[in-house]
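K.L.:
First the structure, which I've put down as structure tokens, then a few questions once you've had a look.
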Amino acid sequence: MIFSSAFNRLKQGLSKSRTQFSNRLSKLFTGSVPLTEDMLEQIEEILISADIGVELSMEIIEDLRKNFPLNQVVEMDAVVKFLKSDLMRRMDVEAGDIRSIDRPHVILVVGVNGTGKTTSIGKLSQHYISQGKKVLLVAGDTFRAAAIEQLAVWSERSGAELVRKEAADPSSVVYDALQSARQRDIDVVIIDTAGRLHTQKNLMIELDKIQRVVKKVIPEAPHETVLTIDATTGQNGLIQAMQFSEVTPVDHLFLTKLDGTAKGGIAIAIHHNLDIPVKYIGIGEQIDDIQDFDVVSYVEALFEVRSSD
Ligand SMILES: Nc1nc2c(ncn2[C@@H]2O[C@H](COP(=O)(O)OP(=O)(O)OP(=O)(O)O)[C@@H](O)[C@H]2O)c(=O)[nH]1
Ligand SMILES: [Mg+2]
Numbered sequence: 002m003i004f005s006s007a008f009n010r011l012k013q014g015l016s017k018s019r020t021q022f023s024n025r026l027s028k029l030f031t032g033s034v035p036l037t038e039d040m041l042e043q044i045e046e047i048l049i050s051a052d053i054g055v056e057l058s059m060e061i062i063e064d065l066r067k068n069f070p071l072n073q074v075v076e077m078d079a080v081v082k083f084l085k086s087d088l089m090r091r092m093d094v095e096a097g098d099i100r101s102i103d104r105p106h107v108i109l110v111v112g113v114n115g116t117g118k119t120t121s122i123g124k125l126s127q128h129y130i131s132q133g134k135k136v137l138l139v140a141g142d143t144f145r146a147a148a149i150e151q152l153a154v155w156s157e158r159s160g161a162e163l164v165r166k167e168a169a170d171p172s173s174v175v176y177d178a179l180q181s182a183r184q185r186d187i188d189v190v191i192i193d194t195a196g197r198l199h200t201q202k203n204l205m206i207e208l209d210k211i212q213r214v215v216k217k218v219i220p221e222a223p224h225e226t227v228l229t230i231d232a233t234t235g236q237n238g239l240i241q242a243m244q245f246s247e248v249t250p251v252d253h254l255f256l257t258k259l260d261g262t263a264k265g266g267i268a269i270a271i272h273h274n275l276d277i278p279v280k281y282i283g284i285g286e287q288i289d290d291i292q293d294f295d296v297v298s299y300v301e302a303l304f305e306v307r308s309s310d
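Following this line, the structure appears as structure tokens:
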């Protein structure tokens, strides 16, 4: 299971975070050294700097303190193994895949500008097409012609169908798209939207309108509203997810750009602190740089460090 190629790709995607852990831990554990209070503090600092979160990092250090007596020689591998299992114990493992038997399954993708909505939609479409599903993308970001073009490129890459309408109201595009999805026997509809901040009132009202139009055509939809969060913004991403979800309903998070940060712990912080599950992660700019978030594999990949690294 965890030695699959998907796991190797995850490890590769998290290499910045892992190298940081590895380098800093290796410096602490040179040769056979007894564990000191200062080392515990530095391990805590390493966890915090990876954006696992202050509170969780402190709790983990307390667990470490209980399990490893001070002033006794300890191997780095043993500490890393402990950190891994302690983190996993603290996480509830959640599975993630399409459960809905409704067709079409409608996914609405929302988020702040530039957090990776359109790219992630490209990846999601490929993900579902590779499962034999028929996918339709909806260009709901009608403000910029370039945004529609960008989605069109992803639809060509993945082989998904596309509904677009220049200079139209986003909710009218969505309405047309859902009607045609039914006629065309589509399995998964993924709606792209323009970037917005939770404070932009008009844009949030527009999002509301999109939700209502979706419901008008398919009352139980959207089956998932996915919020993209840019992992490189670290703890701000966590705050963004909290604020956004207070204004509009969010079912799942798509944590993007994890390959671009040494603070990969943010996925764990979000998982630990928010009720909204992280369902997908983005680990690169290519179409297949997407994975379902599985906290066990994630922690394994993040802490895959050896004293010889
Ligand atoms: N390294 C890396 N880059 C990513 C990832 N996901 C998205 N990006 C990049 O992030 C940038 C913004 O992505 P978009 O998909 O255009 O973001 P958006 O949220 O649709 O942006 P707006 O529509 O302008 O709000 C692009 O350069 C993407 O290639 C990822 O997982 N890893
Ligand atoms: Mg976009």
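Mind the numbering: the sequence shown is residues 2 to 310 in our numbering, read in order.
Glycine included, each C-beta is placed from N, C-alpha and C at the ideal position.
Specify, as a first and last residue, the run of the beta strand (DSSP E) that Q151 falls within.
P.N.:
Segment 146 to 159 is the alpha helix (DSSP H) holding Q151; no beta strand (DSSP E) there.
K.L.:
So T120 packs on E225, CB below 8 Å; how close in whole Å?
P.N.:
Their Cβ separation, rounded to whole angstroms, is 18 Å, which puts T120 and E225 out of contact at 8 Å.
K.L.:
Specify, as a first and last residue, the run of the beta strand (DSSP E) that G112 falls within.
P.N.:
106 to 112 is the span of the beta strand (DSSP E), which, as asked, contains G112.
K.L.:
When you compare the CB positions of G196 and G115, do they come within less than 8 Å of one another, or not?
P.N.:
Their beta carbons are under 8 Å apart, which means G196 touches G115 by this criterion.
K.L.:
Rounded to whole angstroms, what's the CA-CA distance from F22 to F144? Just pull it up for me.
P.N.:
Distance between the alpha carbons of F22 and F144 is about 42 Å.
K.L.:
On the three-state DSSP scale, how would you describe L239?
P.N.:
In this structure, L239 counts as helix in the three-state DSSP scheme.
K.L.:
Which stretch, first to last residue, makes up the beta strand (DSSP E) that contains K280?
P.N.:
Its beta strand (DSSP E) spans residues 279 to 283.
K.L.:
For Q13, which of helix, strand or coil comes out of DSSP?
P.N.:
Reduced to three states, the DSSP call for Q13 is helix.
K.L.:
Between which two residues does the alpha helix (DSSP H) holding V175 run?
P.N.:
171 to 184 is the span of the alpha helix (DSSP H), which, as asked, contains V175.
K.L.:
First and last residue of the alpha helix (DSSP H) that includes Q43?
P.N.:
Taken as a continuous stretch (DSSP letters only), the alpha helix (DSSP H) holding Q43 covers 38 to 50.
K.L.:
I'd like to know whether the C-beta atoms of E107 and K118 end up nearer to each other than 8 Å.
P.N.:
It should be noted that the sequence gives Val, not Glu, for residue 107. Contact flag unset, no.
K.L.:
Does ligand 2 have a heavy atom nearer than 7 Å to the CB of T119?
P.N.:
Yes; taking the cut-off as 7 Å, the Cβ of T119 has a heavy atom of ligand 2 nearer than that.
K.L.:
Note down the Cα distance separating S6 from V34, rounded to an integer number of angstroms.
P.N.:
For S6 and V34, the distance between alpha carbons rounds to 36 Å.
K.L.:
Taking all protein chains shown into account, do 16 or more other C-beta atoms lie within 10 angstroms of the C-beta of P223, making it buried, or fewer, making it exposed?
P.N.:
Flag for P223 reads buried.
K.L.:
Taking buried to mean at least 16 other C-beta atoms within 10 Å of its own C-beta, is S86 buried or exposed?
P.N.:
S86 comes out exposed.
K.L.:
Can we say the region 248 to 260 touches the region 28 to 48, given the rule of at least three CB pairs closer than 8 Å?
P.N.:
No, because fewer than three Cβ pairs between the region 248 to 260 and the region 28 to 48 fall closer than 8 Å, the two stretches do not touch.
K.L.:
Using a Cβ-Cβ cut-off of 6 Å (strictly less than) and excluding sequence neighbours within five positions of V300, which residues of its own chain qualify?
P.N.:
Same-chain partners within the cutoff: K85, L88, M89.
K.L.:
Reducing DSSP to helix, strand and coil, say where I192 ends up.
P.N.:
The answer is strand: DSSP assigns I192 an E or B state.
K.L.:
Determine the direct distance from the alpha carbon of F255 to that of A302, and round the result to whole angstroms.
P.N.:
In a straight line, the C-alpha of A302 is about 18 Å away from that of F255.
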